[in-house]
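Colleague: Quick one: the structure is below, and I'll ask about it shortly.
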Amino acid sequence: MDNPPLRQRLEELRREIHQHNYRYYVLNAPTISDLEYDRLMNELKRIEAEHPEWITPDSPTQRAGAPPSEKFAKVRHPAPILSLANAFGADETRAWFERVRKLDERVERAQFVVEPKIDGLTVVLHYRRGVFVRGATRGDGEVGEDITANLRTIKAIPLRIPVDPSSLSTFDLPATLVVRGEVFITHKDFEALNRRLAEAGERTYLNPRNTAAGALRQLDPGVTASRPLTLLVYEIVHHEGGVVPSSQWGRLEYLRALGFPVTDAARRFDDIEEAIAYIESWGERRADLPYDADGVVIKIDDLNLAADLGVVGKDPRGAVAFKFPAQEVTTRLLDIRVNVGRTGVLTPYAVLEPVEIGGVKVERATLHNFDFIAGKDIRIGDRVLVKRAGEVIPYIIGPIVEARSGGERPYDPPEVCPACGEPVEHFEGEVAWYCVNAACPAQLIRNVEHFVSRGAMDIVGLGINIVRQLIEAGLVGDVADLYTLKREDLLALEGFAGKKADNLLSAIADSRKRPLNRLITALGIRGVGEVVAADLARHYPSLDELRRAAVEDLQAIEGIGPNVAQSIVDWFARPRNQQVLAKLKAAGVWPTGPLPVARRPSSAALNGLTFVVTGTLAGFTRQEAKEFIQAHGGKVTGSVSRKTDYLVAGENPGSKLEKARALGVRVIGEDELRKMAEN
Ligand code: IVH
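Under numbering that gives the first Met the number 0, think of the first position of the sequence shown as 0, with each following residue one higher.
Now the structure itself:
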């Protein structure tokens, strides 16, 4: 049924949301809060649910969710996707300039545009009457692969252009516009992704470029959506109808005006020497770029002139890639050592003969994981290739096998933790090896910090510095020792006047009253956050019963999978953990009984909204969050689907977060949840 006002509202919402996406993902300058954004998106979703016939592929609700493809279809590019000739250094750049000047005297007076050469993946984006209709890889330059569904998940790619219709007055939009850009992952996002994976015991990625390449060629767009891909656009490959600028500089501005992300590091120069001077100054600033760049591209600004110069093979004569000196060097691998992380994950790292890479002295580099060392057959004493790019931690690419002298030693991963000497363990389905000893000194500080934290035993005033002080003074060797601290022990520590010691002791005494779920959380069992702890506390009246539970019993509890069940059983089986438990019990820290019911305020603020809760929340258990949402009229379900309005995510959210992102479900924190409920 037709409904013009509603239809109009739908268009208005789409336009607004596209603009907010653009402000958020391209300009990094949002003008509305997440909450306001959610309201717009929900209103749009509601209208589209009522009128599925109005859903179009450029709707902001359609970013993800296409079914996985069997394989990618081929796409013929409307014009060849060319490559670039390289120039190493100023002299080779001048030689390029001389060559093209001899071919065409107009080059003498030409202007040049200099842009970063991003080390990502070329993509070709097709817009038909302003709507993103197809996206392809470069392939062989003539034919690429259709990765449209994957590209739609990249929020920096506008689904409709111009994003802001009022910004485009000078030019008509071509009926067909095909642009080229580079998809990549920033250093910051890459590090964060790897940190998350390492904490979860999963395989980390080797470098941003390979990660981006793998993500783009996923058959399941949901997986692509979970990788932090972004894009910069720099070329118009083809256009039909409309008028587009005939200079590179003009086109960069034009693309920006249409709402594409375009680098702000491009510059235009009146002659080649100015351009070269600028590029040489880039050398040092290159590491400041938030992504990998392996050089800069120098382009003749006048694109008609550039086209007239022609192409050699696949390299246009009108542009050249000025390559930075390699950020890769070789050096000797002196030793392989192992770090013990917060969750006990063991991570190998390389001790290197000091070497300079891009002006920075490098002595350590990551070796990712033990499988990587074995897979690449990296041996101590090897000459190794090391790469450092921007802020990314330097990493080993591999050994130079030809440089071996025979004295190199194969590496055996440790069988015991380097910090405490306890045997290390491996869990099925994970690549990481763990030290699972609760009393490991490398983990002890982190363990105690976790034990006393807000969602756990909540010992107010016991910060990381005091934790360190207590451990260094030998007063605390495990978490149970907190409960036998004496006033005179504390008074002997630096900075502990009478009052401070008394306050700390009373905060510790206070924590004895915490309910069972908090104590279970506090133990820091792998895979057991607040949510699982609350589930366990509902099923077992005390730690006496929990520690007797078998894997099958635990797995019977909803929300507990085989890995977590096994991890719980293993934790209780370890002698050191049993000692800690015995000490806690002796100290009277042994809560029993059911979980206290959440206080329930009530309203209808969340009426009609469906929530899923995941991860560790600071102020709620999962049950409490559920009751809170229900008390305000909302509905809570166990898994994320298209019908979910909000995912409330705490720490370590896991796969639900990925799924929510893939489906475009809004993700909020508990503070936002409270705000919504109070509104
Ligand atoms: S221009 C005719 N500009 O570098 C136009 N390329 O072979 C040729 N690249 O993989 C490309 N940033 O995808 C151009 N600002 C930039 C670029 C860039 C990265 C990549 C390109 C290709 C390689 C050049």
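Just so you know, even glycine gets a beta-carbon here, dropped at the ideal spot from N, CA and C. Given the structure is predicted, the values throughout are model-derived calculations rather than measurements.
For V112, does the count of other Cβ atoms within 10 angstroms reach 16, so buried, or fall short, so exposed?
Modeller: buried
Colleague: Thinking C-beta only, is L332 closer than 7 Å to V400?
Modeller: no
Colleague: Ends of the alpha helix (DSSP H) at A479?
Modeller: Here A479 belongs to no alpha helix (DSSP H), and DSSP marks it neither H nor E.
Colleague: Note down, in chain order, each residue of its chain lying with its Cβ closer than 7 Å to the Cβ of A597, except the 5 sequence neighbours on either side.
Modeller: Unreliable positioning characterises A597 in this predicted model, as indicated by a pLDDT of 39, which lies under 50. The coordinate reading is nonetheless provided below. Taken in chain order, the residues that qualify are E623, E626, F627.
Colleague: Relative to the ligand IVH, is the shortest distance from any of its heavy atoms to the C-beta of L124 smaller than 6 Å?
Modeller: no
Colleague: Compute every distance between the C-beta of K499 and the non-hydrogen atoms of the ligand IVH, then say whether any falls below 6 Å.
Modeller: no
Colleague: Could you tell me the alpha carbon to alpha carbon distance between K690 and T121, rounded to whole angstroms?
Modeller: As shown, the chain starts at 0 and ends at 678. That puts residue 690 outside it, with no answer to give.
Colleague: Beta strand (DSSP E) containing E427: first to last residue?
Modeller: From DSSP, E427 is part of no beta strand (DSSP E); its letter is neither H nor E.
Colleague: Would you mind sorting K658 into buried or exposed? The rule is 16 or more other CB atoms within 10 Å of its CB.
Modeller: buried
Colleague: What residue ranges within the region 160 to 211 form continuous beta strand (DSSP E) runs of no fewer than 3 residues, ordered along the chain?
Modeller: 175 to 183
Colleague: DSSP three-state call for W717: helix, strand or coil?
Modeller: The chain is shown from 0 up to 678; residue 717 falls before or after that span and cannot be answered.
Colleague: Which first and last residues belong to the alpha helix (DSSP H) in which N562 is found?
Modeller: 561 to 572
Colleague: So which residues touch the region around the ligand COA, with touch meaning a C-beta under 6 Å from any heavy atom?
Modeller: Judged by which ligands are present, the ligand COA is missing from the structure shown, whose ligands are the ligand IVH.
Colleague: Is V177 near A211, with beta carbons less than 7 Å apart?
Modeller: no
Colleague: What separation, rounded to the nearest whole angstrom, lies between the Cα atoms of L302 and A320?
Modeller: 17 Å
Colleague: Rounded C-beta distance between P29 and H19? I'm assuming under 8 Å.
Modeller: 7 Å
Colleague: Buried or exposed, going by whether 16 or more other CB atoms sit within 10 Å of the CB of E47?
Modeller: So E47 counts as buried.
Colleague: Considering only C-alpha positions, which residue in the set L124, A274, R128, D163 is nearest to L26?
Modeller: D163
Colleague: I299 and A274: beta carbons closer than 7 Å?
Modeller: With contacts defined as CB atoms closer than 7 Å, I299 and A274 fail to qualify as a contacting pair.
Colleague: If you count every other CB in all the chains shown that lies within 10 Å of the CB of Q442, and 16 or more means buried, which is it?
Modeller: buried
Colleague: Identify, in the order they occur along the chain, each residue of the same chain with its Cβ nearer than 8 Å to the Cβ of E144, setting aside the five sequence neighbours on each side.
Modeller: F71, A72, K73, V74, A135, T136, G138, R216
Colleague: Within 10 Å of its beta-carbon, does D411 have 16 or more other beta-carbons around it, so buried, or fewer, so exposed?
Modeller: exposed
Colleague: What does the alpha-carbon distance come out to for the pair L503 and G200?
Modeller: 35 Å
Colleague: Less than 6 Å between C-beta atoms, sequence neighbours within five positions excluded: which residues of the same chain meet that for A648?
Modeller: Once the five neighbours on either side are set aside, the close Cβ partners of A648 are T613, G614, L656, V666.
Colleague: Can you name the residues that DSSP bridges to V383?
Modeller: T330, P398
Colleague: Verify whether the separation of the beta carbon atoms of A292 and G240 is less than 7 Å.
Modeller: no
Colleague: Can you name, in chain order, every residue of its own chain whose Cβ lies under 7 Å from the Cβ of T483, other than the five neighbours on each side?
Modeller: A586
Colleague: Apart from the five residues on each side of it in sequence, which residues of its chain come closer than 6 Å, Cβ to Cβ, to S541?
Modeller: T591
Colleague: When the Cβ atoms of the region 333 to 352 are set against those of the region 362 to 369, are three or more pairs found closer than 8 Å?
Modeller: yes
Colleague: Measure the alpha-carbon distance for C439 versus E471 and round it to whole angstroms.
Modeller: 14 Å
Colleague: When the Cα of S654 is compared with those of K322, V430, V222, which residue comes out closest?
Modeller: V222
Colleague: Suppose the cutoff is 7 Å on Cβ atoms and the five residues either side in sequence are ignored; what does the same chain contact list for R108 look like?
Modeller: none
Colleague: For V243 and L251, what's the separation of their Cα atoms in angstroms?
Modeller: Cα to Cα, V243 sits roughly 11 Å from L251.
Colleague: Can you have a look at N149 and say buried or exposed, based on whether 16 or more other CB atoms are within 10 angstroms of its CB?
Modeller: buried
Colleague: Tell me the DSSP secondary structure of A224 in three-state form.
Modeller: helix
Colleague: Just to confirm the assignment, what range does the beta strand (DSSP E) spanning Y290 have?
Modeller: No beta strand (DSSP E) contains Y290, which DSSP labels as neither H nor E.
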